[in-house]
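J.: Structure below; questions to follow.
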Amino acid sequence: MKHLHIIAPIIVALQLLALTAVAADPEGPPAISSHDAPARAEMPVLTLEACVAKAIANSTKLSAERHRLAAMEAQRKQLQWFPFSMIELRGMFTMVPDKCADMTGGLLTSCDSDGGIPSDYDFKNRTWGPSFHIGLDVTLPIPVSKKMHAANKAVRAGIAAKDAMFPKMTDEIRYNVHRAWHAVIGAREMLYTLSEGSRHLANARTRLEENLEKQEGTETEVDLIKLKVFEAQLAAMVTQAEQIERTALSALAFLIGAPSRDALNLPEDPQEMLGFELQSLQDYQQQALENRPEFEALRHVVKAMNAKLEMARAGFAPDVALVVNWRGAHTPGVTVREQKQSSDGTAYYDDASIPFVYRDSYNYGSWLPGIALVMRYPLDIGMDVHRVKEARAQLAATMLDQQQAIEGILLEVEATYIEITSIAAGIDALHQARRLAKGWMAAAVQNYATGIGSSKDVKDALKEYFVIMAQLHQKISEYNIGLASLERVTGSPTQPIVN
23 MKHLHIIAPI
33 IVALQLLALT
43 AVAADPEGPP
53 AISSHDAPAR
63 AEMPVLTLEA
73 CVAKAIANST
83 KLSAERHRLA
93 AMEAQRKQLQ
103 WFPFSMIELR
113 GMFTMVPDKC
123 ADMTGGLLTS
133 CDSDGGIPSD
143 YDFKNRTWGP
153 SFHIGLDVTL
163 PIPVSKKMHA
173 ANKAVRAGIA
183 AKDAMFPKMT
193 DEIRYNVHRA
203 WHAVIGAREM
213 LYTLSEGSRH
223 LANARTRLEE
233 NLEKQEGTET
243 EVDLIKLKVF
253 EAQLAAMVTQ
263 AEQIERTALS
273 ALAFLIGAPS
283 RDALNLPEDP
293 QEMLGFELQS
303 LQDYQQQALE
313 NRPEFEALRH
323 VVKAMNAKLE
333 MARAGFAPDV
343 ALVVNWRGAH
353 TPGVTVREQK
363 QSSDGTAYYD
373 DASIPFVYRD
383 SYNYGSWLPG
393 IALVMRYPLD
403 IGMDVHRVKE
413 ARAQLAATML
423 DQQQAIEGIL
433 LEVEATYIEI
443 TSIAAGIDAL
453 HQARRLAKGW
463 MAAAVQNYAT
473 GIGSSKDVKD
483 ALKEYFVIMA
493 QLHQKISEYN
503 IGLASLERVT
513 GSPTQPIVN
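At position 145 of the sequence shown the residue is numbered 167 (my numbering), and the sequence of numbers has no breaks.
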């Protein structure tokens, strides 16, 4: 289990309390960090569930994933609009001279209003007018295969797989908040225990100095030096515990979106073991199979791979489309005239007889567009064959990934379950050891007071008591974090109740 080990580095420091005369009462008041500002009391107290809710609401990772999901949804919409994306409307506007073109013998020559050839001077100084050109091209794909349908199905499955992973990210956030929370509570509990030990250690040093000054007892200057060394080492352990508390508070502030750790006001409650009745391992494994979001996501990934295989097979079919084309132009003041000769030999100009759609580049168009049915068939059959093989192999790999995920998650649940049951058994044993150590310590103190015991017996009993307390704090922290891990690996809330 990955979590912050708060207590282990301090066990050595607790062994230094062997020279203290009185043990700290484990039922005493909760620890209060020396770094808590007085103004923190004015802030609202944050519970564990409030921190989890804030972390989920303020998670930038969740927000980023929501934007990515929105981008995928936009891609799906683009795919729906793809059949209508090959519609083009083109236009042109230009200025041309106000003139006409005379068609004589199949040749176009400039002409004036009287039908004569104008001079260069007159041609250059004619007025200019606008010319409008417009064109419309429409290509509508005709679905002769399941290519578009398969592509749309693959995109939908990808979106569903992405959406299915949001509960997993939420579970990870919840788990990380639990880790940071119990790290803070455990560090504060240890700070309280160390502060009690430091106080008794200081009292022991004072008594030892008085005995040496009065030349009473069996202690020597060497014992006093050892006591001071132990006291300095214990102070270093207190500093380390304070650092762990500040680090955990900073992590918690980061998770919930607080500006700094000083903006957090956590309840000053003693460390408690969360009361929870474990079910059987098979029950938790069944919950994981039903609730883990990875399984839902993998099912959608399999659908996406199936759609990709279907799309690859559709690559053997040709692409068919309906093409519609229309062009038109209008240029006021510009015409094309054809010179003709009547039966009596008289020449005249006929504007209407010219098929202007082809000959007049300034004025053309028709109400009827051009329509055609086109087909495109790339002759890359070899590539299509291997595309199908690629899609089939990816589908097989995804199916194996799904099976491996099932086995891995079942193993993860089993490992977490074994760890929690082992920790719970260790806590029960440590509670029994603590009761025995208290009895041992009381007997050693009584024997020392009546003269039938030595101070060494008292010191040994005291040392063992604090070692047991350190291990107990560590195990309780591991157990509480283990329940959060069990909730994460099963995908369902454990709903523990505080004893």
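Where is the CB? At the ideal position from N, CA and C, for every residue including glycine.
Please name the residue or residues paired with F115 in a DSSP beta bridge.
T.: As a position in the sequence shown, residue 115 is number 93, starting the count at 1. According to DSSP, F115 bridges with F154.
J.: Can you check which of these residues, K76, H89, E211, is closest to E294 by C-alpha distance?
T.: By 1-based counting over the sequence shown, the position of residue 294 is 272. Of the candidates K76, H89, E211, the one whose C-alpha sits nearest the C-alpha of E294 is E211.
J.: By Cβ distance below 6 angstroms, which residues in the same chain neighbour H155 in space, the five residues on each side in sequence not counted?
T.: Your numbering for residue 155 matches position 133 in the sequence shown. Here the set comprises M114, A351.
J.: Using only alpha-carbon positions, find the residue among G367, L331, P391 that is nearest to R414.
T.: Numbered from its first residue, the sequence shown carries residue 414 at position 392. For the residues G367, L331, P391, the minimum Cα distance to R414 belongs to L331.
J.: Between the C-alpha atoms of R178 and R98, what's the straight-line distance to the nearest angstrom?
T.: For the purposes of this step, residue 178 is taken as residue 156 along the sequence shown, with counting starting at 1. For the purposes of this step, residue 98 is taken as residue 76 along the sequence shown, with counting starting at 1. Whole-angstrom Cα-Cα distance: 7 angstroms.
J.: Report back the beta-carbon spacing between H89 and A183 to the nearest angstrom; my notes put them in contact at under 8 angstroms.
T.: Taking the first residue of the sequence shown as 1, we reach residue 89 at position 67. Taking the first residue of the sequence shown as 1, we reach residue 183 at position 161. Not confirmed; about 17 angstroms, so no contact.
J.: What do you reckon, are the CB atoms on I78 and T192 nearer than 8 angstroms?
T.: To locate residue 78, count along the sequence shown from 1; it is residue 56. To locate residue 192, count along the sequence shown from 1; it is residue 170. For I78 and T192, yes; Cβs fall inside 8 angstroms.
J.: Taking the continuous beta strand (DSSP E) assigned at L344, which residues delimit it?
T.: The residue labelled residue 344 in the question sits at position 322 within the sequence shown. 341–352 is the span of the beta strand (DSSP E), which, as asked, contains L344.
J.: Select from G404, L70, K169 the residue whose C-alpha is nearest the C-alpha of L296.
T.: Within the sequence shown, the letter at position 274 stands for residue 296. It is L70 whose Cα lies nearest to the Cα of L296.
J.: What do you reckon, are the CB atoms on V346 and V74 nearer than 8 angstroms?
T.: Mapped onto the sequence shown, residue 346 falls at position 324. Mapped onto the sequence shown, residue 74 falls at position 52. Their beta carbons are not under 8 angstroms apart, which means V346 does not touch V74 by this criterion.
J.: Taking only three categories from DSSP, how would you classify S375?
T.: Counted from its first residue, the sequence shown places residue 375 at position 353. Only weak support exists for where S375 lies, its pLDDT of 47 falling under 50; the value from the coordinates is given anyway. If DSSP states are grouped into helix, strand and coil, S375 belongs with coil.
J.: Taking S499 as the reference, which of W103, M94, G157, A205 has the closest Cα?
T.: Your numbering for residue 499 matches position 477 in the sequence shown. Nearest option by C-alpha distance: A205.
J.: Can the beta-carbon of R118 be found less than 8 angstroms from the beta-carbon of G157?
T.: Indexing the sequence shown from 1 puts residue 118 at position 96. Indexing the sequence shown from 1 puts residue 157 at position 135. According to the sequence shown, residue 118 is Val rather than Arg. Cβ atoms of V118 and G157: not closer than 8 angstroms.
J.: Taking one C-beta from the segment 419–436 and one from the segment 309–320 each time, how about it: are there three or more such pairs within less than 8 angstroms?
T.: Because the criterion of three Cβ pairs below 8 angstroms is met, the segment 419–436 and the segment 309–320 touch.
J.: Just to confirm before moving on: does the CB-CB distance between H495 and G219 stay below 8 angstroms?
T.: Position 473 of the sequence shown, counted from the first residue, corresponds to residue 495. Position 197 of the sequence shown, counted from the first residue, corresponds to residue 219. No.
J.: Grab me the residues of Q391's own chain with a C-beta within less than 8 angstroms of its C-beta, minus the 5 sequence neighbours each way, in chain order.
T.: Residue mapping note: residue 391 aligns to position 369 of the sequence shown, counting from 1. For the record, residue 391 in the displayed sequence is Pro; it is not Gln. L158, V346, N347, W348, listed in sequence order.
J.: Measure the Cβ-Cβ separation of Y399 and P354 and say whether it is below 8 angstroms.
T.: Stepping through the sequence shown from its first residue, residue 399 is reached at position 377. Stepping through the sequence shown from its first residue, residue 354 is reached at position 332. For Y399 and P354, no; Cβs fall outside 8 angstroms.
J.: If you check the beta carbons only, do A459 and I490 fall under 8 angstroms apart?
T.: By one-based count along the sequence shown, residue 459 stands at place 437. By one-based count along the sequence shown, residue 490 stands at place 468. Yes, the pair counts as a contact, with Cβ atoms nearer than the cut-off.
J.: The beta strand (DSSP E) spanning M397 covers which residue range?
T.: Taking the sequence shown and counting its residues from 1, the one referred to as residue 397 is at position 375. Segment 392–398, the beta strand (DSSP E) holding M397.
J.: Let me make sure I understand the geometry here. Which of M463, Q493, T116 has the alpha-carbon closest to that of A483?
T.: Against the sequence shown, residue 483 aligns to sequence position 461. Among M463, Q493, T116, the Cα nearest to that of A483 is on M463.
J.: Do you know whose CA, among L274, E238, A257, lies nearest I195's CA?
T.: Position 173 of the sequence shown, counted from the first residue, corresponds to residue 195. Comparing Cα positions, the closest option is L274.
J.: Based on DSSP bridge pairs, tell me the residues matched to E110.
T.: Working through the sequence shown from its first residue, we reach residue 110 at position 88. Beta-bridge pairing links E110 to D159.
J.: Compute the beta-carbon to beta-carbon distance between V511 and A202, rounded to the nearest angstrom, for a pair I have assumed lies under 8 angstroms.
T.: Residue 511 sits at position 489 when you count from the first residue of the sequence shown. Residue 202 sits at position 180 when you count from the first residue of the sequence shown. The Cβ separation is near 19 angstroms, so there is no contact.
J.: I need the DSSP call for Q7, collapsed to helix, strand or coil.
T.: What the structure shows of the chain is the stretch from 23 to 521, and residue 7 is not part of that stretch, so it cannot be assessed.
J.: Does the beta-carbon distance from D406 to F338 come in below 8 angstroms?
T.: Within the sequence shown, the letter at position 384 stands for residue 406. Within the sequence shown, the letter at position 316 stands for residue 338. Cβ atoms of D406 and F338: closer than 8 angstroms.
J.: Express the C-alpha separation of I445 and E243 in angstroms, rounding to a whole number.
T.: Translated into positions along the sequence shown, residue 243 becomes position 221. Translated into positions along the sequence shown, residue 445 becomes position 423. Roughly 43 angstroms separates the two Cα atoms.
J.: Roughly how many angstroms lie between the CA atoms of F188 and V435, to the nearest whole one?
T.: The residue labelled residue 188 in the question sits at position 166 within the sequence shown. The residue labelled residue 435 in the question sits at position 413 within the sequence shown. C-alpha separation (whole angstroms): 20 angstroms.
J.: In the structure shown, what three-state DSSP assignment does S514 receive?
T.: Position 492 of the sequence shown, counted from the first residue, corresponds to residue 514. Coil, per DSSP.
J.: Which of the three DSSP states is assigned to I164 in this structure?
T.: Position 142 of the sequence shown, counted from the start, is the residue given in the question as residue 164. I164 falls in the strand class under three-state DSSP.
J.: For the alpha helix (DSSP H) that contains M187, what are its first and last residues?
T.: Mapped onto the sequence shown, residue 187 falls at position 165. Where M187 is concerned, there is no enclosing alpha helix (DSSP H), given that its DSSP letter is neither H nor E.
J.: Would L303 and Y439 be called neighbours here (beta carbons separated by less than 8 angstroms)?
T.: What you label residue 303 is simply residue 281 of the sequence shown in a count that begins at 1. What you label residue 439 is simply residue 417 of the sequence shown in a count that begins at 1. Cβ distance < 8 angstroms, so L303 and Y439 count as in contact.
J.: Locate the alpha helix (DSSP H) running through D245, then write down its first and last residues.
T.: Start at 1 with the first residue of the sequence shown, and residue 245 comes out as number 223. Start and end: 243–278.
J.: Any idea if V396 is buried or exposed, counting beta-carbon neighbours within 10 angstroms, 16 or more meaning buried?
T.: On the sequence shown, position 374 is the one that residue 396 refers to. By the 10 Å Cβ count, V396 comes out exposed.
J.: Among V342, R456, L246, E441, which residue has its Cα nearest to the Cα of G504?
T.: As a position in the sequence shown, residue 504 is number 482, starting the count at 1. Ranking the options by Cα distance to G504, first place goes to E441.
J.: Give the single residue among E509, H200, G180 whose Cα lies nearest to the Cα of A72.
T.: Translated into the one-based positions of the sequence shown, residue 72 becomes position 50. That would be H200, whose Cα lies nearest to the Cα of A72.
J.: Expressed to the nearest angstrom, what Euclidean distance is found between the alpha-carbon atoms of A394 and V342?
T.: Indexing the sequence shown from 1 puts residue 394 at position 372. Indexing the sequence shown from 1 puts residue 342 at position 320. Going from the Cα of A394 to the Cα of V342 covers about 11 angstroms.
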